[in-house]
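Colleague: Residue numbers (the numbering used here), protein chains in the order written: chain E, 2 to 776; chain B, 870 to 1351.
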């Protein structure tokens, strides 16, 4: 272990004398280079390490146990040294590929000599071999992994179209667009831009009065005014909460076996309120990691620590206490690694990390911070309100709800308990767990942080509070980058680093590294102000572009890495529900409180349950509770809300930083037949029919409410034609069958056949691709 | 690795295909969007389903997994241990028990008296396999099945053990076996999902199942298991409030409107969405047909038993499994709950066995009669075994058995597995494996092998790591391959 440390410090010293060459920082990522042109200057970070990491490090990398021939290609000391098995040869000889054993082996045709070995599924492509050859020719210079070097603000790049940028973001983006000889798109039209920003900031489509106001406002700051207005709406906190609930694996059930009910929702109410109050990110996270350890901790700060108790907890009788207790500590450690550091720390749980410089020992040093909780593996088996939170827990009184915890939307006078953090008085010894097994303790370790990221200041307390202070050290290379990137993903559809949870060597390289760094430093300089950062992103010219993909851009940049067009992505599962309810007028705008159970196909819980506990039978809610926003739908982990799961919502098992965005036939079935969509169609249709207006105008109104813009003449013609056709084909019997959906009452005095025909028109608009897309 | 390239190639093809389509829709054939199956005759890729390529010639094309959820006691079904009867009530020797960990349910038990099976066994088939009198129908297919008595696992509780057996990892969030096969081999039927799930439950002590067991994990959600039931709505949200004709009209309008959006934005996702609506429409026709058991001939009803006409029963699910499999569904996963006999074992296991015995055997026989057994792998078994000592009090006619990961029995049939053999052996106490252990990873490696996939090459790169169903282990059990 000492050897490892020493090697690491030597390699760091070597790296520190290498200068960061800004040209790499500003050039497009390797992924955008045509496959056949080799760069003039080969960069270790951008060209070589991705190859070595992917194809070589598993045997010649950081994992000491799996290392072959004693050679590490991730470490220049080892790579330039005489080979252990052939002391006359060296893996790398600077400037001389023909003498570099590594190059000779990767380019060998002899299957007995070639690397990776002939039997391995890993292969190097010819272009990769040529890149490595040129890198060696140019001196085989190593660089420290970009993400472990603290970010700094580079000078803003010069651009030709100086009239285009609206803020700093645009300078970085435009520079790359121009480098590729492209032009940015025109701004999106006002209707679409408004819808985009409303969906991004509040998760709800704009209301007609706002559309009218914005379209009529020709002042230069019309858009900024809208953004500022949206940032003040309570719905902003609800929208922002979604990504954080995924990260913090928030759910309403314990997640194992019987999967009983738990009451962590007051923490969710806090998250919404925290975003609305715009608590700076450093405080927001510090409270969640260590609120209980703050001097004179407030009740709110203690509640925030529920973050680290949201993990799954077993209630399965007969489990082994220590097995589960250690799994909870593991979960917290992994969340800290992935969600806050953006690295796959979890890989070092059982063995030294195979790609990143994290040893198993370091994993358990980090684990030690979370290993002191006053908890057990299993506290109680399923059943009864007293099991809805596990120790350590806090009880929230009605008096607190009307004073210091006002943001909790408690709906009754019953006891309310939440699992929170709280440490034992002494230090629970932490051992390396051999191969991750709870019953195989190895070497004893003390709390510390991974050396490759940032060493742990001796002056800091060795507890979670010290860990939080370490995390928000201005020299920390990851914290700000990772969160800036996560928010970028929220608004632009994918991160600047696409692997939001992996900034390590196997993660994707940033598409705009200098921009990421600039934003990260700017975020810190502005006191970790989240609303400031959000405003910066959405008021940029980059964000405002239309999302039209020309054939040229689609061919050159199908994934829109260059950002030469605006974002166009399917909405999150929750927001599809919100859009349907909101546009139909059904949405219940109340915030927070216990999660609700809207319509769900029968039998899902019942078919999968053991029969024990409050969540064994799905007792659907009624009335107002049917129309709450998607983020309030009760999440039973083992059978998560199905219509949302079909749209890729997280099942909240573990920290999730990036949802899949799939396009499946089951989604089509949900949009066609989910009672939520059908009921909303019926209710909106009835509302429109009760207005005295020509049919075209009613359809136009529906289209505006749902798609956020007036239909084009062609679209209106199609929809109106569909209305007339449906009207003529419906009989009173088929009409009344079609209307028989949902619990919201039907209006009296309405022509049922007309209503059913209009309902189908509205349902068709809900099924448009554009409706569930941020465009 | 190869698979990665394949998927990559597929994506490239798809893009090229879509950019070609764009010309079509924009300039020539707007009207042809109104033709229902415009997209269905263009080969495998347009539905987002790559036609997978096996690593070598497969024996099996499809899998039907009859999962016995809760862990059936091997001592009462397949693993005949007369020694246990001889030593009834005596303490299990500590040399046998060794350092095996105990669950929290028996950890504080003062004594561990051995208990023999309450039911008798007989020998059947060429291998003279011991099968208990609880499984008379299974005994009749002894010639067709390969009984593995030496399975073992790492988990000792239901949730992690189930998750381990289904996904190759105890903690969840990995793709299920069915998802891996869907990913690795693609779909044979464009109107049905490649991976379907059917649930049933007996009266025995139940343990839940969870949709995470058929999760696609980090794979694309087209590989997710789709739960089917033969209730009113065989697939969630499938039942339509419109007639077929009305839906067709609606979808034509929708396609027309969506093509307007495509013309404006050029986003290939719009066309993908249109295709998914078309597949949904086809599923609405195809699925109810498959799920309709009312037209099954008497001979089939007789074979599976009268329960096969009771919706949601294990027997009905077995029959459905055969029909789905026959239609090309790659992986049909059944779960039958109720095998967790911590107490009251003699009574409960009798009814559990009765639930599944006839239909399990019927499925094998049916497939054989249809000539499908050679290309269909049938698997029967639970998530771990049960202890040879009693849990709770041993009385004259009652006892229970606790969880036991060290050994359990499963059987496999068809799909390239040697028929009529018994593989592996436990010690005379039925507590430890004496010969030919088969770890869960080995089992997975073997199943993939039978389907023509090398378990070390079927990988998916996620968060910087190449994941496999078999994690970093697994060895094909060559001795059971035909």
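Heads up, the beta-carbon is just placed ideally off N, CA and C, and yes, glycines get one too.
Computed from a prediction, not measured in an experiment: that's the story for all the values here.
With 8 Å as the limit, tell me which residues of the region 659 to 679 of chain E have their beta carbon closer than that to any beta carbon of chain B; keep them in chain order.
Modeller: Under the 8 Å Cβ criterion, the region 659 to 679 of chain E contributes 661, 663, 664, 665, 666, 667, 668, 669, 670, 671, 673, 674, 675 and 679.
Colleague: Using C-beta distances below 8 Å, list every residue in its chain close to residue 124 (chain E), excluding the 5 sequence neighbours before and after it, in chain order.
Modeller: Taking the first chain and counting its residues from 1, one reaches residue 124 (chain E) at position 123. Result list for residue 124 (chain E): 56 and 117, in chain order.
Colleague: Please list, in chain order, all residues of the same chain as residue 533 (chain E) whose beta carbon is under 7 Å from its beta carbon, the five residues on each side excluded.
Modeller: Here residue 533 (chain E) refers to the residue found at position 532 when the first chain is read from its first residue. Closer than 7 Å at the Cβ level, and outside the excluded window around residue 533 (chain E), lie 527.
Colleague: Given a cut-off of 8 Å, decide if residue 1325 (chain B) and residue 1334 (chain B) are closer than it, judged by their beta-carbon atoms.
Modeller: The sequence position of residue 1334 (chain B) within the second chain is 465, counting from 1. The sequence position of residue 1325 (chain B) within the second chain is 456, counting from 1. Going by C-beta atoms, residue 1334 (chain B) is not nearer than 8 Å to residue 1325 (chain B).
Colleague: Does the region 1070 to 1083 of chain B come within contact of the region 674 to 687 of chain E, defined as at least 3 CB pairs closer than 8 Å?
Modeller: The region 1070 to 1083 of chain B vs the region 674 to 687 of chain E: no contact.
Colleague: Residue 770 (chain E): which of B:1145, B:947 and B:1178 sits nearest, CA to CA?
Modeller: In the first chain, counting from the first residue as 1, residue 770 (chain E) sits at position 769. Of the candidates B:1145, B:947 and B:1178, the one whose C-alpha sits nearest the C-alpha of residue 770 (chain E) is B:1145.
Colleague: According to a CB-to-CB cut-off of less than 7 Å, which residues of the region 1134 to 1151 of chain B neighbour chain E?
Modeller: So the list reads 1134, 1135, 1136, 1138, 1139, 1141, 1142, 1145, 1146, 1148 and 1149, given in the order they occur along the chain.
Colleague: Does residue 1022 (chain B) come within less than 8 Å of chain E when only Cβ atoms are used?
Modeller: If you number the second chain from 1, residue 1022 (chain B) lands on position 153. No, its Cβ sits nowhere closer than 8 Å to a Cβ of chain E.
Colleague: What are the residues that DSSP puts in a beta bridge with residue 1014 (chain B)?
Modeller: Position 145 of the second chain, counted from the first residue, corresponds to residue 1014 (chain B). B:1282, per the DSSP bridge assignment.
Colleague: Return the CA-CA distance between residue 706 (chain E) and residue 304 (chain E), expressed in angstroms with no decimal places.
Modeller: Stepping through the first chain from its first residue, residue 706 (chain E) is reached at position 705. Stepping through the first chain from its first residue, residue 304 (chain E) is reached at position 303. Answer to the nearest angstrom: the Cα atoms are 39 Å apart.
Colleague: Would you decide whether residue 465 (chain E) is buried or exposed? Buried here means 16 or more other CB atoms lie within 10 Å of its CB.
Modeller: In the first chain, the residue the question calls residue 465 (chain E) occupies position 464. With 16 or more other Cβ atoms within 10 Å, it is buried.
Colleague: Excluding the 5 residues preceding and the 5 following residue 490 (chain E) in the sequence, name in chain order all residues of the same chain whose CB lies nearer than 7 Å to its CB.
Modeller: Your numbering for residue 490 (chain E) matches position 489 in the first chain. Cβ neighbours of residue 490 (chain E) beyond the five flanking positions: 496, 501 and 659.
Colleague: Contact criterion: CB-CB distance below 8 Å. Does residue 937 (chain B) meet it with respect to chain E?
Modeller: Translated into the one-based positions of the second chain, residue 937 (chain B) becomes position 68. By this cut-off, residue 937 (chain B) is not an interface position.
Colleague: What does residue 609 (chain E) touch in chain B if you count any residue whose Cβ is under 8 Å from its own?
Modeller: Residue mapping note: residue 609 (chain E) aligns to position 608 of the first chain, counting from 1. In chain order: 1068, 1077, 1078, 1079 and 1080.
Colleague: On the three-state DSSP scale, how would you describe residue 377 (chain E)?
Modeller: Counting from 1 along the first chain, the entry for residue 377 (chain E) is found at position 376. Coil at residue 377 (chain E), not helix or strand.
Colleague: How would you list, in chain order, the residues of chain E whose beta-carbon sits under 8 Å from the beta-carbon of residue 1310 (chain B)?
Modeller: Translated into the one-based positions of the second chain, residue 1310 (chain B) becomes position 441. Correct list: empty, because the minimum Cβ distance to chain E is about 15 Å.
Colleague: Classify residue 935 (chain B) as helix, strand or coil using the three-state DSSP reduction.
Modeller: Within the second chain, numbered from 1, the residue matching residue 935 (chain B) stands at position 66. If DSSP states are grouped into helix, strand and coil, residue 935 (chain B) belongs with the strands.
Colleague: Residue 755 (chain E) touches chain B at which residues, Cβ-Cβ below 8 Å?
Modeller: Numbered from 1 along the first chain, position 754 holds the residue referred to as residue 755 (chain E). Near residue 755 (chain E) there are no residues of chain B at all, since even the closest Cβ is about 16 Å away, more than 8 Å.
Colleague: Comparing C-alpha positions only, which one of E:411, E:740, E:357 and E:221 sits nearest to residue 763 (chain E)?
Modeller: Sequence index remark: in the first chain, residue 763 (chain E) carries index 762 (1-based). Per the Cα distances, E:740.
Colleague: Return the CA-CA distance between residue 1122 (chain B) and residue 1135 (chain B), expressed in angstroms with no decimal places.
Modeller: Here residue 1122 (chain B) corresponds to residue number 253 of the second chain, with the count starting at 1. Here residue 1135 (chain B) corresponds to residue number 266 of the second chain, with the count starting at 1. Taking the straight line from one Cα to the other gives about 19 Å.
Colleague: For a contact defined as C-beta to C-beta under 8 Å, what are the partners of residue 972 (chain B) on chain A?
Modeller: Absence of chain A from the displayed structure is noted, the protein chains being E and B.
Colleague: Ordered along the chain, which non-local residues of its own chain (more than five positions away) have a Cβ less than 6 Å from that of residue 1008 (chain B)?
Modeller: As a working note, residue 1008 (chain B) is residue 139 in the second chain. These residues qualify, in order along the chain: 993 and 1000.
Colleague: Kindly list, in the order they appear in chain B, the residues whose Cβ is closer than 8 Å to that of residue 739 (chain E).
Modeller: In the first chain, residue 739 (chain E) corresponds to position 738, counting from 1. Those are 1110 and 1111, listed as they occur along chain B.
Colleague: How far does the alpha helix (DSSP H) with residue 288 (chain E) in it extend, from its first residue to its last?
Modeller: Taking the first chain and counting its residues from 1, the one referred to as residue 288 (chain E) is at position 287. Unbroken alpha helix (DSSP H) run through residue 288 (chain E): 282 to 291.
Colleague: Write down every uninterrupted run of the alpha helix (DSSP H) in the region 549 to 585 of chain E whose length is 4 residues or greater and which is fully enclosed by it, in chain order.
Modeller: For the region 549 to 585 of chain E, whole alpha helix (DSSP H) runs of length 4 or above, ordered along the chain, are 552 to 557 and 574 to 585.
Colleague: Grouping DSSP H, G and I as helix and E and B as strand, with all else coil, what is residue 1344 (chain B)?
Modeller: The residue you call residue 1344 (chain B) lines up with position 475 of the second chain. Here residue 1344 (chain B) sits in coil by DSSP.
Colleague: Would a check of beta-carbon distances place residue 1158 (chain B) closer than 8 Å to chain E?
Modeller: Position 289 of the second chain, counted from the start, is the residue given in the question as residue 1158 (chain B). So no, residue 1158 (chain B) is outside the interface.
Colleague: Taking the Cβ atom as the reference point for each residue, do residue 432 (chain E) and residue 365 (chain E) lie within a distance shorter than 8 Å?
Modeller: As a working note, residue 432 (chain E) is residue 431 in the first chain. As a working note, residue 365 (chain E) is residue 364 in the first chain. Their beta carbons are under 8 Å apart, which means residue 432 (chain E) touches residue 365 (chain E) by this criterion.
Colleague: Taking only runs that begin and end inside the region 1022 to 1076 of chain B, name each unbroken beta strand (DSSP E) of 3 or more residues, in chain order.
Modeller: For the region 1022 to 1076 of chain B, whole beta strand (DSSP E) runs of length 3 or above, ordered along the chain, are 1064 to 1070.
Colleague: Looking at residue 521 (chain E): is its Cβ nearer than 8 Å to the Cβ of residue 296 (chain E)?
Modeller: Translated into positions along the first chain, residue 521 (chain E) becomes position 520. Translated into positions along the first chain, residue 296 (chain E) becomes position 295. No, these two residues do not count as a Cβ contact at 8 Å.
Colleague: Would residue 703 (chain E) pass as an interface residue toward chain B - the criterion being a Cβ-Cβ separation below 8 Å?
Modeller: By 1-based counting over the first chain, the position of residue 703 (chain E) is 702. With 8 Å as the cut-off, residue 703 (chain E) does not count as an interface residue toward chain B.
Colleague: Would you mind reading off the limits of the alpha helix (DSSP H) that contains residue 245 (chain E)?
Modeller: Translated into the one-based positions of the first chain, residue 245 (chain E) becomes position 244. Here the alpha helix (DSSP H) through residue 245 (chain E) covers 235 to 248.
Colleague: Within its chain, find whatever has a CB closer than 6 Å to the CB of residue 370 (chain E); leave out the 5 residues flanking it on each side and keep chain order.
Modeller: Here the question's residue 370 (chain E) lines up with position 369 in the first chain. So the list reads 448, 465 and 468, once near-sequence residues are dropped.
Colleague: Three or more C-beta pairs closer than 8 Å, one from the region 225 to 240 of chain E and one from the region 203 to 217 of chain E: is that the case here?
Modeller: A contact exists between the region 225 to 240 of chain E and the region 203 to 217 of chain E.
Colleague: Would you mind reading off the limits of the alpha helix (DSSP H) that contains residue 1229 (chain B)?
Modeller: As a working mapping, residue 1229 (chain B) is identified with position 360 in the second chain. Counting along the chain, the alpha helix (DSSP H) containing residue 1229 (chain B) begins and ends at 1214 to 1238.
Colleague: When the Cα of residue 302 (chain E) is compared with those of E:274, E:96, E:732 and E:320, which residue comes out closest?
Modeller: Taking the first residue of the first chain as position 1, residue 302 (chain E) is located at position 301. Comparing Cα positions, the closest option is E:274.
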